[in-house]
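S.K.:
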Amino acid sequence: AQSVTQPDIHITVSEGASLELRCNYSYGATPYLFWYVQSPGQGLQLLLKYFSGDTLVQGIKGFEAEFKRSQSSFNLRKPSVHWSDAAEYFCAVEPSNTGKLIFGQGTTLQVKP
Amino acid sequence: DTGVSQNPRHKITKRGQNVTFRCDPISEHNRLYWYRQTLGQGPEFLTYFQNEAQLEKSRLLSDRFSAERPKGSFSTLEIQRTEQGDSAMYLCASSPVGGETQYFGPGTRLLVL
Chain A
340 AQSVTQPDIH ITVSEGASLE LRCNYSYGAT PYLFWYVQSP GQGLQLLLKY
390 FSGDTLVQGI KGFEAEFKRS QSSFNLRKPS VHWSDAAEYF CAVEPSNTGK
440 LIFGQGTTLQ VKP
Chain B
61 DTGVSQNPRH KITKRGQNVT FRCDPISEHN RLYWYRQTLG QGPEFLTYFQ
111 NEAQLEKSRL LSDRFSAERP KGSFSTLEIQ RTEQGDSAMY LCASSPVGGE
161 TQYFGPGTRL LVL
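Chains as they are written, first to last, in the numbering used here: chain A, 340 to 452; chain B, 61 to 173.
(1) Among the candidates B:131, B:128, B:167, whose CA atom is the shortest distance from the CA of residue 147 (chain B)?
(2) What residues in its chain sit with their C-beta under 8 Å from that of residue 422 (chain A), if we drop five residues either side in the sequence?
(3) Tell me which residues of the stretch 90–111 of chain B have at least one Cβ-Cβ distance to chain A shorter than 9 Å, keeping chain order.
(4) If the criterion is Cβ atoms closer than 9 Å, does the pair residue 91 (chain B) and residue 109 (chain B) meet it?
(5) Find the residues of chain B that neighbour residue 385 (chain A), judging by a C-beta separation of less than 9 Å, and give them in chain order.
(6) Tell me where the beta strand (DSSP E) around residue 394 (chain A) begins and ends.
(7) What did DSSP end up calling residue 409 (chain A) once you bin it into helix, strand or coil?
(8) At 3 residues or longer, and completely inside the stretch 81–140 of chain B: list those beta strand (DSSP E) runs for me, N to C.
(9) Taking the CB atoms as reference points, tell me whether residue 413 (chain A) and residue 389 (chain A) lie closer together than 9 Å.
(10) Taking the CB atoms as reference points, tell me whether residue 372 (chain A) and residue 340 (chain A) lie closer together than 9 Å.
(11) Quick check: what's the CA-CA separation for residue 456 (chain A) versus residue 443 (chain A)?
(12) Terminal residues of the continuous beta strand (DSSP E) containing residue 376 (chain A)?
(13) Just the C-alpha distance for residue 73 (chain B) and residue 357 (chain A), rounded to the nearest angstrom, thanks.
(14) If you run the structure through DSSP and keep just helix, strand and coil, what is residue 162 (chain B)?
(15) Measuring only the C-alpha atoms, how far is residue 348 (chain A) from residue 152 (chain B)?
(16) Rounded to whole angstroms, how far is the Cβ of residue 363 (chain A) from the Cβ of residue 411 (chain A), which I believe are closer than 8 Å?
(17) Helix, strand or coil for residue 439 (chain A), going by three-state DSSP, please let me know.
(18) Taking Cβ-Cβ distances shorter than 9 Å, what residues in chain A pair up with residue 151 (chain B)?
(19) Between the Cα of residue 173 (chain B) and the Cα atoms of B:142, B:154, B:163, which residue gives the shortest distance?
(20) Mark residue 407 (chain A) as exposed unless 16 or more other C-beta atoms lie within 10 angstroms of its C-beta, in which case mark it buried.
(21) Taking 9 Å as the cut-off, decide whether the C-beta atoms of residue 448 (chain A) and residue 103 (chain B) are in contact.
(22) Among the candidates B:98, B:62, B:79, whose CA atom is the shortest distance from the CA of residue 140 (chain B)?
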């Protein structure tokens with residue numbers, strides 16, 4: 340069955356430190372890949388997406404993600420975290436053009452001053 | 061473009077009552093999706109529409125749930141005979157066509173007492 344795993348339920352980093360959030364997926368072919376962020380009481384906002392081409396994709400708010408086919412991973416990174424980045428982050432896949440997003444469990448990011 | 065809107069934002073109801081939620085997608089978006097998110101989990105796909113046609117329904121969508129998109133614009137999600145297990149955030153998203161980015165609304169939080 341198709342699935343998305345975010346191994347880290349909760350991560351705490353200091354402001355200014357680098358960040359990497361992990362995402363692994365299980366799917367036979369290369370799906371479309373997404374990272375969304377959800378702040379308390381807010382809807383999901385798209386950070387970035389990968390459909391094809393360059394495996395390193397840039398997103399909003401200084402985030403980037405790298406698709407690694409051999410590892411079935413799509414990890415999210417940011418070189419320097421800001422306090423406003425504290426939120427919940429979701430990795431999602433869409434098996435080719437099915438219209439159905441499959442989300443991971445989410446990673447809660449806490450930023451220490 | 062005002063984004064995806066959902067009403068109401070919050071709903072408290074007693075077990076056994078019926079509730080209806082509304083979603084207004086971004087104008088000219090042909091696809092409309094419904095997801096459910098419980099506490100500490102990622103959103104789970106419920107159903108989606110291409111214009112007024114309902115193309116897929118998840119097994120999560122029991123016969124107490126019904127969704128409509130009568131004119132291919134706004135959509136309603138009705139839950140009949142609510143149960144405490146229905147308490148969740150109900151998210152709506154829209155996209156221009158399949159395989160494109162889904163834009164999410166702020167959600168309707170349902171609490172069944």
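Quick reminder that beta carbons are idealized off the backbone N, C-alpha and C, glycines included.
M.R.: Taking the definition as stated:
(1) B:167
(2) 354, 450, 452
(3) 91, 93, 95, 97, 100, 101, 102, 103, 104, 105, 108, 110
(4) yes
(5) 161, 162, 163, 164
(6) Neither: residue 394 (chain A) is in no beta strand (DSSP E) and is coded neither H nor E.
(7) helix
(8) 91–97, 104–110, 113–117, 125–128, 135–139
(9) yes
(10) no
(11) The structure shown has nothing for residue 456 (chain A), since chain A only spans 340 to 452.
(12) 371–377
(13) 44 Å
(14) coil
(15) 24 Å
(16) 6 Å
(17) coil
(18) 382, 383
(19) B:142
(20) exposed
(21) no
(22) B:79
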